[in-house]
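The structure appears right after this line, and notes come after that.
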């Protein structure tokens, strides 16, 4: 097939275009986390990147295209920085704990200027119907489903009390993480991450079976 | 003193002006809860109220004046709808529970189009330094301090375990409420309010002393 015969110059051009697009989107996620997706105009981004507006239009035809591509980029970063490292842990309670803990470490590390991209984007777009809002809602549902599935797997592995409602626990853990992000963004209160961590760990320890407890770190202030 | 001798016409004019200002601010809080405080331009508000822009300028000299007045109005509504009714309950565990429960009922009732005004405003302004951000942060601190004080009072009344950290509990309850507001705004998920309610009530019941437990409603699914 002709598509397999790619000329080296064309291949290099394509790779360069993809690197450029990726670096634009990284800047876009950072801007949007702090100033909102609505603040992310092609003009604003062009000035941040030292590019012409027409150069940016070659990558993104409209503001909505740019917003949607930025949301996908933020999802890629989240998968790379939180989901994949957590999935290195064994399926069950260890993985559930890692999903929560790595998320907190990641946001605490200030990877984006405005904290958690999706917390900011959800608050901004929840009252603005359209494809951007729908995509943000879908991605946050994936996250809640990932948390919930990890709870179910921990129960199936006999590590977590089966009486615990997985949807309820996923709701609570997500809320505690949003609450920590909120306190950090508003007050620069880094202790909020430790508060969310303590609250999540306390629940997991309380509901863990004897065999499950060995997958969790020792709680602060509790006898070893 | 001359200021005590107010002519009836001037008095009526002043009262009319205050009513008008109040009705403008009520519309402003509603718009800002859904479209953000940055979306709250004098032009947008004038069109919503069927007023001229110059008429609105008579009430608010600048966009920032309008934003600050809108934040104060939202605070007044919150005090009227949540704090005062909760303070009718007896000091201690009953009041702590009412603060949480009335907040959830209030946001679930859809008092503003965009849900909790302060959750939206905090997410929007947390990365925008200035007087609007500072005032939002101050008001949210009042709320956290009110929750915290209610925990301490419940402990002093011998109704709640003194080993509970009041700041931690206030953080968790606020996070659960923000989480419910978030799920409702993004998914129209009214069940989220019941989830937050269950989580808060479960914690209070677990930490209540025998005398404190009588101040709390019976937990769903638990024997009476």
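Chains as they are written, first to last, in our numbering: chain E, 172 to 395; chain X, 172 to 395.
From the three backbone atoms N, C-alpha and C, an ideal C-beta is built for every residue, glycine too.
None of the values given here were measured: they were computed from a predicted structure.
Taking C-alpha atoms, which residue in the options lies nearest to residue i?
| i | options | result |
| --- | --- | --- |
| residue 291 of chain E | E/315, E/236, E/308 | E/308 |
| residue 121 of chain E | X/207, X/287, X/311, X/285 | Any answer about residue 121 of chain E is impossible in this case: the structure gives chain E only from 172 up to 395. |
| residue 333 of chain X | X/188, X/220, X/380, X/271 | X/380 |
| residue 375 of chain E | E/280, E/365, E/390 | E/390 |
| residue 201 of chain X | X/326, X/270, X/349, X/286 | X/286 |
| residue 313 of chain E | E/302, E/294, E/341 | E/341 |
| residue 368 of chain X | X/322, X/289, X/273, X/299 | X/273 |
| residue 199 of chain E | E/365, E/348, E/288 | E/288 |
| residue 240 of chain E | E/252, E/315, E/303 | E/303 |
| residue 284 of chain X | E/344, E/230, E/225, E/297 | E/297 |
| residue 345 of chain E | E/324, E/371, E/356 | E/371 |
| residue 354 of chain E | X/182, X/185, X/293 | X/293 |
| residue 234 of chain E | E/208, E/252, E/337 | E/208 |
| residue 339 of chain E | E/230, E/319, E/185 | E/319 |
| residue 327 of chain E | E/250, E/187, E/382 | E/382 |
| residue 366 of chain E | E/275, E/261, E/227 | E/275 |
| residue 230 of chain E | E/306, E/324, E/206, E/189 | E/189 |
| residue 277 of chain X | X/315, X/203, X/249 | X/249 |
| residue 360 of chain E | E/280, E/191, E/205, E/225 | E/280 |
| residue 364 of chain E | X/343, X/226, X/224, X/203 | X/343 |
| residue 226 of chain E | E/252, E/191, E/238 | E/191 |
| residue 317 of chain X | X/204, X/271, X/387, X/182 | X/271 |
| residue 295 of chain E | X/203, X/181, X/178 | X/203 |
| residue 205 of chain E | E/377, E/373, E/262, E/282 | E/282 |
| residue 261 of chain X | X/181, X/322, X/299, X/238 | X/322 |
| residue 301 of chain X | X/238, X/251, X/315 | X/238 |
| residue 305 of chain E | X/306, X/356, X/315 | X/356 |
| residue 329 of chain E | E/378, E/178, E/373, E/362 | E/378 |
| residue 385 of chain E | E/337, E/362, E/325 | E/325 |
Would you mind telling me which residues of chain X sit closer than 7 Å to residue i, beta carbon to beta carbon, in chain order?
| i | result |
| --- | --- |
| residue 353 of chain E | 293, 349 |
Starting from residue i, trace the alpha helix (DSSP H) both ways and give me its first and last residue.
| i | result |
| --- | --- |
| residue 464 of chain X | This structure cannot speak to residue 464 of chain X, because chain X is shown only from 172 to 395. |
| residue 182 of chain E | 179-206 |
| residue 286 of chain E | Element bounds for residue 286 of chain E: n/a, residue is neither H nor E. |
| residue 258 of chain E | 255-258 |
| residue 331 of chain E | Unbroken run through residue 331 of chain E: none, as it is neither H nor E. |
| residue 272 of chain E | 264-279 |
| residue 214 of chain E | 213-220 |
| residue 236 of chain X | 234-249 |
| residue 229 of chain X | 224-230 |
| residue 387 of chain X | Element bounds for residue 387 of chain X: n/a, residue is neither H nor E. |
| residue 369 of chain E | 362-378 |
In chain E, which residues lie less than 7 Å from residue i when you measure between Cβ atoms?
| i | result |
| --- | --- |
| residue 247 of chain X | Residues of chain E passing the Cβ test: none, with the nearest at roughly 21 Å. |
Residue i versus chain X: which residues are under 9 Å apart at the beta carbon?
| i | result |
| --- | --- |
| residue 186 of chain E | Here the premise fails: no neighbours, minimum Cβ distance about 34 Å. |
Please list, in chain order, the chain E residues whose beta carbon lies closer than 8 Å to that of residue i.
| i | result |
| --- | --- |
| residue 339 of chain X | 366, 369, 370 |
| residue 343 of chain X | 347, 350, 366, 370 |
Practice task
Return the residues of the segment 351-381 of chain X that lie within a Cβ-Cβ distance of less than 8 Å from chain E, sorted by chain order.
Solution key: The segment 351-381 of chain X vs chain E, Cβ under 8 Å: 351, 353, 354, 356, 357, 358, 363, 366, 367, 369, 370.
Problem - Residues, ordered as in the chain, of the segment 316-335 of chain X that lie near chain E by beta-carbon distance below 9 Å - result: So the list is empty, because no residue satisfies the distance condition.
Handout entry: At least 3 beta-carbon pairs within less than 8 Å: the segment 213-223 of chain E vs the segment 252-265 of chain E
Key = Judged by pairs of C-beta atoms under 8 Å, the segment 213-223 of chain E does not touch the segment 252-265 of chain E, as fewer than three such pairs exist.
Problem - Within 9 Å of chain E by C-beta, residues of the segment 202-223 of chain X in sequence order - result: Taking 9 Å as the Cβ-Cβ cut-off against chain E, the residues of the segment 202-223 of chain X that qualify are 204, 205, 206, 207, 209, 210.
Exercise for the section: Could you tell me whether the segment 333-352 of chain E touches the segment 231-248 of chain E, where touching means 3 or more Cβ pairs closer than 8 Å? Expected result: Flag = no, the segment 333-352 of chain E and the segment 231-248 of chain E do not touch.
Practice task
Please determine if the segment 220-240 of chain E and the segment 192-201 of chain E are in contact, where contact requires at least 3 C-beta pairs separated by less than 8 Å.
Solution key: Result yes; three or more Cβ-Cβ pairs closer than 8 Å.
Practice task
Could you please tell me which residues of the segment 285-311 of chain E, in chain order, have their CB closer than 9 Å to any CB of chain X?
Solution key: Close to chain X, meaning a Cβ-Cβ distance shorter than 9 Å, are the following residues of the segment 285-311 of chain E: 285, 286, 290, 291, 293, 294, 295, 296, 297, 298, 299, 304, 307, 308, 311.
Practice task
Count the C-beta pairs between the segment 259-279 of chain E and the segment 263-270 of chain X that are closer than 8 Å, then say yes if the count reaches three, no if not.
Solution key: With a cut-off of 8 Å, the segment 263-270 of chain X and the segment 259-279 of chain E do not count as touching, because too few Cβ pairs lie within range.
Handout entry: Given 8 Å, three or more beta-carbon pairs between the segment 344-355 of chain X and the segment 347-358 of chain E
Key = Yes: at least three Cβ pairs fall under 8 Å.
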